[in-house]
Amino acid sequence: MSDPTIFISAGEASGEAYGAMLLTELKKRLGPVRHIAAIGMGGQRMVSAGLDRIVRAEDMAVMGITEVVRHLPRIYCEFRRLKQAIHQRRPSLAILIDFPDIHFKLAEEFHRLGIPVLFFVSPQLWAWKKHRIKLVQRFVDRMLVIFPFEEPFYHEQGVDAEFVGHPLADLPLPTVSREYFAMCNYLRSDHTWIGLLPGSRMKEISDNLPEMLAAARLLVAQNPQKPEEEFDFVLPLASTITPDDRRAVLRILQEHGTGLTVRLVHDSSAGTDASEGPDGPTSDVSTSGAGSGARATLLHARASIVASGTATVEAALIGNPFVVVYRVSPITYAIAKRVVSVPHVAMANLIAGKRAVPELIQHDFTASNIVRELQPLLPDGPPRQSMMEELQRVRALLVRPGNTQGAINRVAEIALGMLGLASPVTKSMPS
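When you read off a place in the sequence shown, starting at 1, and then add 1195, the result is the number in my numbering.
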């Protein structure tokens, strides 16, 4: 039997991380005897894990109705490159990770070619665009979901779906110590650290970071200047952020971060030079690549301001108290209000089934509202303790009962079964 070729694709920082983990696990399971070739779309982590990259994930990571329209020519060009590679290489299996606007179109192409499609990380069809369920029913062979309430939703629609658990729930806590993290990122260990997580795309950062910085300035202004109540603000950037994006972030910090101590840190896979640190103690903004990243920030920050998205799940899993914020263009928001049908925006709240963490969305996303919600979480006391207990309950719900192997291992097992390289997996559909 010849070695198989798979197509694997992710278009955002979180999905790209899962793609890299999955590629690594597939190669590990096959061992030295068999080789699996992987082509598709991804970021640098997937390339490092063995992806023969056709399209860069960072070139496709746009969001929102108005934003997508503005980038349509580039998106169409990159999509054609992907289709051309699919026809030339004819992979045996397609693994599509989230990113529905592109991946549903690719799924249709794979279906036309008779190539099975494994969709990992469901788009939020249960919240909006429910008509897209027809695309899943027609073009997706298996849907693997990472939130517990998604499995019954798909079963009710006749889709072969399985809750595999959340990949982030399988990860151990970061091992970097507070002291080492402080040293690498020019943080003061006797200060209170506040995480600022504005999103993984540059458009999200542009929309969310200025108001976060306004909240930071307000928090500092209310600070009585006791050393233990002074603040350092930690801003991690996703691995998919480009050098041009980093320069744009620095411009935002220069414009909106006056008087603040902000430490700009990067995922270690982002290729950032750790020598970018400050030249002296008077620098207000510094960047580093060592001992950094969103997970380490969430582990060591006292509390965080987090844009709605995967980072809110990371914060919940790590147990960092946080406030959820989000802002999109007025057009996108107006349309979303008409079609979104869920009681909460933050994933932690959807999983908990109640308002476990504060949500400040669109017009409610103001500096004063952020500070009002954030301040009770900083000192030890009932508000902070109550939220941390709620986050522990959320974490427990993100692990598949009885799945001791973890989410990524389960996905790899199913993928190899679909390739005929392992015993067929048991179908998860109810009888």
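Glycine is no exception: its CB is placed at the ideal position from the N, C-alpha and C atoms.
Where does the unbroken alpha helix (DSSP H) through residue i begin, and where does it stop?
| i | result |
| --- | --- |
| Asp1439 | Pro1438 to His1451 |
| Gly1612 | Ala1602 to Met1613 |
| Phe1376 | Arg1373 to Cys1379 |
| His1306 | Pro1295 to Leu1308 |
| His1495 | Ala1489 to His1495 |
| Thr1219 | Ala1208 to Leu1225 |
| Met1241 | Gln1239 to Ser1243 |
| Ile1246 | Residue identity differs from the one stated: residue 1246 is Leu in this sequence, not Ile. Taken as a continuous stretch (DSSP letters only), Leu1246 belongs to no alpha helix (DSSP H), being part of the beta strand (DSSP E) at Leu1246 to Arg1251. |
| Ala1506 | Thr1505 to Ile1513 |
In the DSSP assignment, the beta strand (DSSP E) including residue i goes from what residue to what residue?
| i | result |
| --- | --- |
| Pro1431 | Phe1426 to Leu1432 |
| Tyr1521 | Phe1517 to Tyr1521 |
| Leu1288 | Leu1288 to Ile1292 |
| Thr1200 | Thr1200 to Ala1205 |
| Leu1313 | Val1312 to Phe1315 |
| Thr1387 | Thr1387 to Leu1392 |
| Ser1401 | Note, Ser1401: premise wrong, no beta strand (DSSP E); alpha helix (DSSP H) at Met1397 to Ala1416. |
Is it buried or exposed, residue i, if we count other Cβ atoms within 10 angstroms and call 16 or more buried?
| i | result |
| --- | --- |
| Cys1379 | buried |
| Ala1433 | buried |
| Phe1358 | buried |
| Ser1372 | exposed |
| Pro1438 | exposed |
| Val1627 | Lying outside 1196 to 1626, the shown extent of the chain, residue 1627 is not represented and no answer is given. |
| Lys1329 | exposed |
| Thr1387 | buried |
| Ile1203 | buried |
| Ser1243 | exposed |
Excluding five sequence neighbours on each side, which residues of the same chain lie with their C-beta closer than 8 Å to the C-beta of residue i?
| i | result |
| --- | --- |
| Met1613 | Leu1288, Pro1311, Leu1313, Asp1336 and Arg1337 |
| Asp1254 | Arg1269 and Glu1273 |
| Val1340 | Val1316, Ser1317, Glu1346, Tyr1349, Ala1356, Glu1357, Phe1358 and Val1359 |
| Ala1610 | Ile1201, Leu1217, Leu1221, Leu1288, Ile1290 and Leu1313 |
List the whole-angstrom C-beta distance separating residue i from residue j, where the pair is believed to meet the contact cut-off of C-beta under 8 Å.
| i | j | result |
| --- | --- | --- |
| Val1508 | Glu1568 | So it is not a contact: roughly 19 Å between Cβ atoms. |
| Asp1455 | Phe1428 | Here residue 1455 is Leu; the residue named in the question, Asp, does not match the sequence. Leu1455 to Phe1428, Cβ: 6 Å. Contact. |
| Phe1342 | Tyr1213 | Not really, about 14 Å apart at Cβ, beyond 8 Å. |
| Met1216 | Pro1362 | 6 Å |
| Ala1531 | Leu1586 | The pair is not a contact, with the Cβ atoms about 26 Å apart (cut-off 8 Å). |
| Gly1488 | Pro1431 | 6 Å |
| Leu1592 | Ile1546 | 5 Å |
Spatial neighbours of residue i within its chain, please: C-beta separation below 6 Å, excluding the five flanking residues on both sides.
| i | result |
| --- | --- |
| Ala1627 | Any answer about residue 1627 is impossible in this case: the structure gives the chain only from 1196 up to 1626. |
| Ser1470 | The predicted model places Ser1470 with a pLDDT of 29, which falls under 50 and marks its position as unreliable; any figure quoted below should be read in that light. So the list is empty, once near-sequence residues are dropped. |
| Ser1209 | Thr1505 |
Spatial neighbours of residue i within its chain, please: CB distance less than 7 Å, with the 5 preceding and 5 following residues excluded, ordered by chain position.
| i | result |
| --- | --- |
| Leu1493 | Gly1390, Ser1499, Glu1509, Ala1510, Ile1513 and Asn1515 |
| Ile1231 | Asp1198, Pro1199, Ile1201, Leu1221, Lys1222 and Leu1225 |
| Ile1292 | Ser1204, Ala1205, Gly1210, Tyr1213, Gly1214, Phe1315 and Val1316 |
| Val1606 | Leu1217, Phe1315, Leu1339 and Val1359 |
- Complete beta strand (DSSP E) runs within the region 1331 to 1371 (minimum length 3 residues, chain order): 1337 to 1340 and 1356 to 1358
- Task: Give, in chain order, every unbroken run of the alpha helix (DSSP H) that is at least 4 residues long and sits entirely within the region 1518 to 1581.
- Result: 1525 to 1534, 1542 to 1547 and 1562 to 1569
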